[in-house]
Amino acid sequence: MEIIPVAHFHSPFTTKFGIPRQSGLVEGLRGRIVFEPEYRSADALRGLEGFDYLWMIWGFSANIGARKAATVRPPRLGGNVRMGVFATRSPFRPNNLGLSSVRIESIEHTEASGPVVHVSGADLMDGTPIYDIKPYVAQADCHEGVKCGFADSEEWHTLRVDIPDDVRRALPPEQWRTLAGVLELDPRPHFHDDPSRVYGMSFGGSDIRFRVDGAVLTVVEVVPGSQT
């Protein structure tokens with residue numbers, strides 16, 4: 000079976016580095032679903048405005064040539080423990096397929112691109128192919144009081160984000176709020192722990208440079224118009 004994209008996703012992230020590791024972790028993170036020309040039909044989305052959330056089935060397009068293995072090292076476990084690939088949300092999967100639940104913010108009907116779905120809480124890179132979307136239905140999709148494996152015992156550890164006043168002026172407050180939510184999740188690989196190292200992350204067309212010392216992440220510079 001061959002599957003082709005019905006749409007592509009547009010987001011502030013032009014590279015993989017820094018993207019939240021799960022959907023919904025940064026609710027203010029906005030993105031757009033723009034359909035391919037043959038699927039730009041308002042009829043195809045009729046009724047979607049009645050739902051708050053949708054599922055996206057999409058492709059890890061940046062991992063196509065990556066090596067696949069039966070076991071992976073989940074960041075949630077510090078990157079030091081191996082688990083079966085099918086017991087994790089690892090992006091290194093046999094068929095490179097991802098699944099995300101996002102909130103529908105609005106559906107805009109445009110002359111140039113047809114219906115565009117604006118969503119929040121996504122964990123996708125800019126240009127990611129989307130193979131299907133489906134409405135989220137709580138009666139079928141939400142299961143309360145269930146076991147969630149190692150995710151039950153391992154908490155999310157967040158960082159305190161420090162943005163000096165001279166750096167803060169580089170971006171508007173609303174963008175900083177979203178970016179701070181991304182940075183507090185610690186974008187670094189979990190085996191990195193060098194407080195002198197400066198990391199660069201592309202976000203919204205700017206290069207965000209930061210250091211991490213212990214539990215504090217400090218933004219040291221914002222370079223507009225850069226692609227890390």
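Taking numbering that gives the first Met the number 0, I'd label the letters of the sequence shown as residues 0 to 227.
Note that beta-carbon positions come from the ideal geometry of N, C-alpha and C, so glycine has one too.
- request: Can you say whether Thr-109 is buried or exposed, counting buried as having 16 or more other CB atoms within 10 angstroms of its CB?
  value: exposed
query: Mapping DSSP to helix, strand and coil, what is Thr-227?
result: Bear in mind that a pLDDT of 48 at Thr-227, under 50, signals an unreliable position, so the number given afterwards is only what the model happens to contain. Reduced to three states, the DSSP call for Thr-227 is coil.
Per DSSP, cross-strand counterpart(s) of Pro-161: First, the residue type needs correcting, since residue 161 is Asp and not Pro in the sequence shown. Beta-bridge pairing links Asp-161 to Thr-217.
- prompt: For the beta strand (DSSP E) that Gly-30 lies in, which residues bound it at each end?
  reply: 29-34
- prompt: When the distance is taken between beta carbons, is Phe-34 closer than 7 Å to Val-6?
  reply: In the sequence under discussion, the amino acid at residue 6 is Ala, which differs from the Val named in the question. Yes. Within cutoff.
query: Looking only at its own chain, which residues have a Cβ that is under 6 Å from the Cβ of Thr-87, when we skip the five neighbours before and after it?
result: Val-71, Pro-73
- request: List the endpoints of the continuous alpha helix (DSSP H) containing Pro-19.
  value: First-last for Pro-19: undefined, no H or E at that position.
task: Check Val-25 in the structure and name its three-state DSSP category.
output: coil
Supposed close pair Ser-22, Gly-120 - CB separation, criterion 8 Å: 6 Å
query: Anyone know if the C-beta pair for Leu-53 and Tyr-130 falls short of 7 Å?
result: no
- prompt: Who are the Cβ neighbours of Gly-58 in its own chain at under 6 Å, not counting the five residues just before and after it?
  reply: Asn-95, Pro-128
query: Ordered along the chain, which non-local residues of its own chain (more than five positions away) have a Cβ less than 8 Å from that of Arg-159?
result: Glu-183, Ala-214, Val-215, Leu-216
query: Got a sec? Which residues, its chain only, sit under 6 Å from Leu-44 by beta carbon, not counting five neighbours each side?
result: Pro-114
query: Excluding the five sequence neighbours on either side, which residues of its own chain have a C-beta within less than 6 Å of the C-beta of Pro-90, listed in chain order?
result: Phe-59, Asn-62
message: Taking the alpha-carbon of Asn-79 as reference, which of Val-222, Val-211, Pro-188, Gly-203 has the nearest alpha-carbon?
response: Pro-188
task: Keeping to the same chain, check which residues put their C-beta closer than 7 Å to that of Pro-4; ignore five residues upstream and five downstream.
output: Glu-35, Pro-128, Ile-129, Tyr-130
query: For Tyr-198, which residues does DSSP report across the bridge?
result: Phe-209
- prompt: Under three-state DSSP, which class holds Ala-41?
  reply: helix
Backbone secondary structure at Asp-151 - three-state DSSP: helix
task: Mind checking which residues open and close the beta strand (DSSP E) that includes Val-181?
output: No beta strand (DSSP E) contains Val-181, which is instead part of the alpha helix (DSSP H) from 172-182.
- prompt: Helix, strand or coil for Val-48 per DSSP?
  reply: The amino acid at residue 48 is misidentified as Val; the sequence shows Glu. Helix.
- prompt: Where does Ile-2 land, buried or exposed, given buried means 16+ other C-beta within 10 angstroms?
  reply: exposed
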